[in-house]
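So the structure is just underneath, and the comments pick up after that.
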Amino acid sequence: MNGKYNEEKAVEILRKNLPPRRFKHTMGVVEMAEEYARMLGVEDIQTVRTAALLHDCAKHMKSEELISYANEHGITVTEDYMKAPHLLHGPVGAVMAREVFGVQDERVFSIIERHTLGAENMTVEEKIVFLADFTEKGRRYGASAQIRDLSRKDFDLALIRCSDEGIKHLLTTNAYIHPLSILTRNSFIEEYKQKHGEIK
């Protein structure tokens, strides 16, 4: 897609390139992210919507394709990414948002890049898509519904529980844990304590 970002055309591209289940998930994330944005009083809902729509635009790419695309577009492929190349779909997706979909908003790139591993000191928009990715209504994870319910009562605590569940899943499947996942969880905990006090 050439030129400026157009949501209708973006949806067409995603529907064509993503497996049906992944496309359905994507639309579920858009819905959940919009709900969170309104709940939290975010002024620019369109930024959240665009990032949510494009968050998995690189998810269909194979590991070698992600590595190749990253190298070609100046994305640093660290040793941690080489151990779990599928995690590159965030940074690669951020570049694709600009190169393929015509997005010009740096905030959208950051949200997409951070939607899987997170980061320390995330913006509210980044947190929204990070959590919506786990709690959208089509998710089949056992804890998704529970954390979705929690998120409507205590969004900040839901972020911590979301990180917990992600790390638990990696532990039980003997998968590589990217260090950024740990830093993200710790950051959520420290932010929560600063805002609300001790976690109960």
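Heads up: the sequence shown begins at 318 in our numbering, then just goes up one per residue. For glycine and all other residues, C-beta sits at the position ideal for the given N, C-alpha and C. All values reported here derive from a predicted model rather than from experimental measurement.
Separation of residue j from residue i, as counted between CA atoms
{"i": "Gly435", "j": "Tyr509", "result": "16 Å"}
{"i": "Thr501", "j": "Glu437", "result": "5 Å"}
{"i": "Ile516", "j": "Val328", "result": "40 Å"}
{"i": "Ala462", "j": "Asn388", "result": "38 Å"}
{"i": "His390", "j": "Gly514", "result": "43 Å"}
{"i": "Tyr493", "j": "His403", "result": "11 Å"}
Same chain, Cβ closer than 8 Å to residue i, neighbours up to 5 away in sequence not counted
{"i": "His406", "result": "Asp373, Ala375, Lys376, Met378, Leu383 and Thr433"}
{"i": "Pro336", "result": "His377"}
{"i": "Ile362", "result": "Glu351, Ala354 and Arg355"}
{"i": "Phe426", "result": "Ala411, Val412, Ala414, Arg415 and Val420"}
{"i": "Val441", "result": "Leu357 and Val359"}
{"i": "Ser498", "result": "Leu434, Gly435, Ser480, Gly483, Ile484 and Leu487"}
Boundaries of the alpha helix (DSSP H) in which residue i is found, first to last residue
{"i": "Gln421", "result": "Counting along the chain, Gln421 falls outside any alpha helix (DSSP H), and DSSP gives it neither H nor E."}
{"i": "Asp450", "result": "Val441 to Thr452"}
Same chain only: Cβ atoms within 7 Å of residue i, ignoring 5 sequence neighbours per side
{"i": "Arg465", "result": "Thr452"}
{"i": "Asn340", "result": "Residue identity check: residue 340 is Phe in the sequence provided, not Asn. Only Leu331 and Arg332 meet the Cβ criterion."}
Supposed contact pair residue j and residue i - C-beta distance, whole angstroms, cut 8 Å
{"i": "Tyr322", "j": "Ala449", "result": "The pair is not a contact, with the Cβ atoms about 20 Å apart (cut-off 8 Å)."}
{"i": "Met349", "j": "Lys454", "result": "7 Å"}
{"i": "Gly410", "j": "Ile429", "result": "5 Å"}
{"i": "Phe418", "j": "Leu467", "result": "Not quite, the Cβ-Cβ distance comes to about 32 Å (not below 8 Å), so this is no contact."}
Next on the checklist: Under 8 Å: do the segment 390-400 and the segment 456-474 share three or more Cβ pairs, one atom per stretch?
Outcome noted: no
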